[in-house]
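The numbering of the sequence shown is my numbering, which starts it at 6 and goes up by one. The C-beta atom is built at its ideal place from N, Cα and C for all residues, glycine as well. Source: prediction; values computed, not measured.
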Amino acid sequence: MTADPPPDRAHPDDPRPARSTVSPTTYRTIAAVALALLCTIVVTGAAVRLSGSGLGCSDWPNCTDERLVEFGDPNQTIEQVNRLFTGLVSLAVVAAVLGSLRRRPYRRDLVWLSWGLVAGVVGQIVLGGITVLVDLHPLAVSGHFVLSMVLVADAVVLLWRAGQPPGPRRPVVGRADLLLSRAAVVLMTCLMFTGPAVTGTGPHAGDAEAKRFGWFLPDVVRVHSINMWIFLAVVVLLLVRLARGRTPSAVLRRGSRLLLAIVVQGGIGYAQYELGIPPWLVALHILGATAVLSLTIWFHLGLSAPVAGADDASRADGADRRSDAVSSPA
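Next up, the structure:
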């Protein structure tokens with residue numbers, strides 16, 4: 006268990022200056038930066054694969070047997086830039102941890118969530134090395150993507166909680182609507198597995214010699230598409246139910262953003278398949294997957310409100326409106 010934070014001063018009369026603290030607003034900014042960088046590295050990682058630069062650096066952690074950093078050709082440059090960008094992400098998650106420890110008032114849940122980011126980034130670094138050593142085996146590449154999505158989800162929850170008061174919460178929707186939202190989260194999670202299955206079967210392996218899953222691509226695409234249609238149907242049903250009830254407007258706004266992202270993402274998915282899976286559309290689809298995941302979690306988290314503010318619905322709705330305007334992950 007995480008120990009309680011030490012006091013800023015040993016004694017009120019202690020002449021030594023208090024150690025610097027982090028305000029809730031500043032910490033929320035730190036969490037937002039970490040989320041933005043984690044989303045960005047998903048796209049830069051996709052650029053490595055889509056440009057055929059997955060083995061641009063033939064070794065790990067060095068780029069080559071002789072050099073840690075190498076920019077000898079375009080493939081090496083793309084892969085090396087992605088590796089160096091990982092350093093920025095590492096700094097951001099370390100800042101999230103240090104900020105959570107110095108944040109006042111202290112929040113243990115934020116400390117645990119920020120340490121989860123550190124654990125995930127370390128796991129990504131190790132898995133990235135394994136991916137290179139196994140010559141971009143699709144299982145390792147898929148695992149790399151799934152872990153990236155876990156990190157993004159963790160960062161979304163961290164950002165949300167950093168803007169919410171601690172303590173118990175109550176649902177602002179009915180039990181049936183809450184269950185539908187949970188089903189949507191599960192279906193979205195399944196998409197994060199069926200999508201990489203398509204990627205591991207398709208043409209963009211990251212290197213011309215990389216192995217592929219031996220599945221029939223149209224069948225894998227069909228499974229992923231059915232998964233998306235069921236997910237869309239559940240979200241539409243949920244939003245129709247919410248629109249007919251006395252649902253806070255902030256919840257409906259977040260739901261509308263999620264629905265728009267799903268529709269756009271589905272359109273990109275069908276377009277890339279019909280156009281022969283061009284790399285630029287695949288990159289947009291991966292960006293869309295990150296947005297859909299973030300918005301799904303953001304929407305689900307917004308279906309509850311602090312118990313202390315339950316008697317003033319308009320005040321809670323106004324707080325949600327300001328929260329969305331400042332730091333929506335979309």
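Beta-bridge partners of S309 (DSSP): P176. In the three-state reduction of the DSSP assignment, V53 falls in the helix class, which pools H, G and I. Considering only D159, R175, R251, the residue with the shortest C-alpha distance to P311 is R175.
For R108, DSSP records a beta bridge to V27.
Considering only T31, V27, G281, R54, the residue with the shortest C-alpha distance to S147 is R54.
A Cβ-Cβ distance of about 13 Å is found for the pair T204 and V47, leaving them out of contact under the 8 Å criterion. Boundaries of the alpha helix (DSSP H) around F236: 222 to 249.
Contact annotation: A97 and A39 have beta-carbon atoms nearer than 7 Å.
With a cutoff of 7 Å on beta-carbon distance, I302 and V161 are scored as near each other.
Spatial neighbours of T26 in its own chain (CB-CB distance under 6 Å, excluding positions within 5 residues in sequence) are listed in chain order as R107, R109. In this structure, DSSP gives L141 a state outside helix and strand, which the three-state scheme calls coil. Residue range 254 to 279 is occupied by the alpha helix (DSSP H) that includes L265. Under the Cβ criterion (8 Å, minimum of three pairs), the stretch 172 to 186 does not count as touching the stretch 137 to 156. Between the stretch 249 to 263 and the stretch 220 to 230 there are fewer than three C-beta pairs closer than 8 Å, too few to call the two in contact. Of the candidates D114, N232, A188, D114 places its Cα closest to the Cα of V102. Between the stretch 224 to 244 and the stretch 257 to 274, the count of C-beta pairs closer than 8 Å reaches three or more; the two stretches touch.
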